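Here the structure is laid out as structure tokens; the discussion comes afterwards.
Residue numbers (full-length UniProt numbering): 1 to 293.
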């Protein structure tokens, strides 16, 4: 039998689910996610990744492992700008919020910047539909990539001024609330996203709740590897849900929050994600025990 009170899972992908080194998902995580969904837990991915990445690195391995009939997974991509669902029959059509998309000409100019000056360390992500992103090459060390990330981010801000895109800032220079900013440049440990300030993990959480068919669980676990991922738990807490956030890279600093923040000891990234998800799967899927007579 299954746990009587399913818990909702809202998962960042890079870090807790997919390795930031190989960009792939280990089989035990795939199995745990399928087991949790089979136990009635809504499993929703809330990521800055594109829908293509989720299909290739998450959905296809799940299909190969065997998604049971009647189970649906949801994927919020590009921090809420695109989304789709998938089940044993494959994926639905991708929904795109065109109001959040960056100008195509701007994306072309960023692609040219990468090709001309930064191609030795990063590549332009051709799969994004709304935001503009670059990513560390797999054959480049992270320290070398990070040395070039700062100059790239500065060059992008100059391009944004040229395209008259309004007020643009680096994400870590933004206050908690500033209605004057239109776009942000958001660097992570392996990428930089250039995006509307209206996208974010809180927007992803809002879309996630709308996608759930049937009763929405009161209790949630959100899982992420960066400070911006806390916005998932912030949104759920502010809207009356019971939530705890699992931080798989707490060394970056754990902020004070009105809800519990959980870690997996010394484990980080998908090591921590695997430990958390496997433990959840073990407790969510309980053996059938005959009552004593």
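Ideal Cβ placement from N, Cα and C applies to all residues, glycine included. Everything numeric in this text was worked out from a predicted model, so none of it was measured.
Three-state class that DSSP yields for residue i in the structure shown
{"i": "residue 159", "result": "helix"}
{"i": "residue 13", "result": "coil"}
{"i": "residue 186", "result": "strand"}
{"i": "residue 122", "result": "strand"}
{"i": "residue 199", "result": "coil"}
{"i": "residue 284", "result": "helix"}
{"i": "residue 55", "result": "helix"}
{"i": "residue 262", "result": "strand"}
{"i": "residue 24", "result": "coil"}
{"i": "residue 172", "result": "helix"}
{"i": "residue 214", "result": "coil"}
{"i": "residue 132", "result": "strand"}
{"i": "residue 62", "result": "helix"}
{"i": "residue 180", "result": "coil"}
{"i": "residue 233", "result": "helix"}
{"i": "residue 67", "result": "coil"}
{"i": "residue 275", "result": "helix"}
{"i": "residue 18", "result": "strand"}
Same chain only: Cβ atoms within 7 Å of residue i, ignoring 5 sequence neighbours per side
{"i": "residue 25", "result": "17, 18, 57, 58, 61"}
{"i": "residue 28", "result": "274, 278"}
{"i": "residue 260", "result": "244"}
{"i": "residue 212", "result": "42"}
Which residues DSSP lists as bridging residue i, in chain order
{"i": "residue 83", "result": "76, 95"}
{"i": "residue 221", "result": "9, 244"}
{"i": "residue 39", "result": "Note: residue 39 sits in no beta bridge, so no partner."}
{"i": "residue 90", "result": "87"}
{"i": "residue 192", "result": "134, 187"}
Contact belief for residue i with residue j at Cβ below 8 Å, rounded distance in angstroms
{"i": "residue 130", "j": "residue 72", "result": "Contact flag wrong, Cβ pair sits at about 23 Å."}
{"i": "residue 199", "j": "residue 78", "result": "7 Å"}
{"i": "residue 182", "j": "residue 201", "result": "Between residue 201 and residue 182 the Cβ distance is about 19 Å, and since that is not below 8 Å, they are no contact."}
Per-residue burial, residue i [other beta carbons within 10 Å of its own, 16 or more giving buried]
{"i": "residue 136", "result": "buried"}
{"i": "residue 186", "result": "buried"}
{"i": "residue 214", "result": "exposed"}
{"i": "residue 149", "result": "buried"}
{"i": "residue 210", "result": "exposed"}
{"i": "residue 151", "result": "exposed"}
{"i": "residue 281", "result": "buried"}
{"i": "residue 12", "result": "buried"}
{"i": "residue 115", "result": "exposed"}
{"i": "residue 233", "result": "buried"}
6 Å Cβ shell around residue i - same chain, five flanking residues per side excluded
{"i": "residue 125", "result": "133, 135"}
{"i": "residue 249", "result": "225, 268"}
{"i": "residue 219", "result": "7, 242"}
Same chain, Cβ closer than 8 Å to residue i, five either side skipped, listed in chain order
{"i": "residue 180", "result": "167"}
{"i": "residue 103", "result": "163, 165"}
{"i": "residue 190", "result": "14, 20, 135, 136, 142, 145"}
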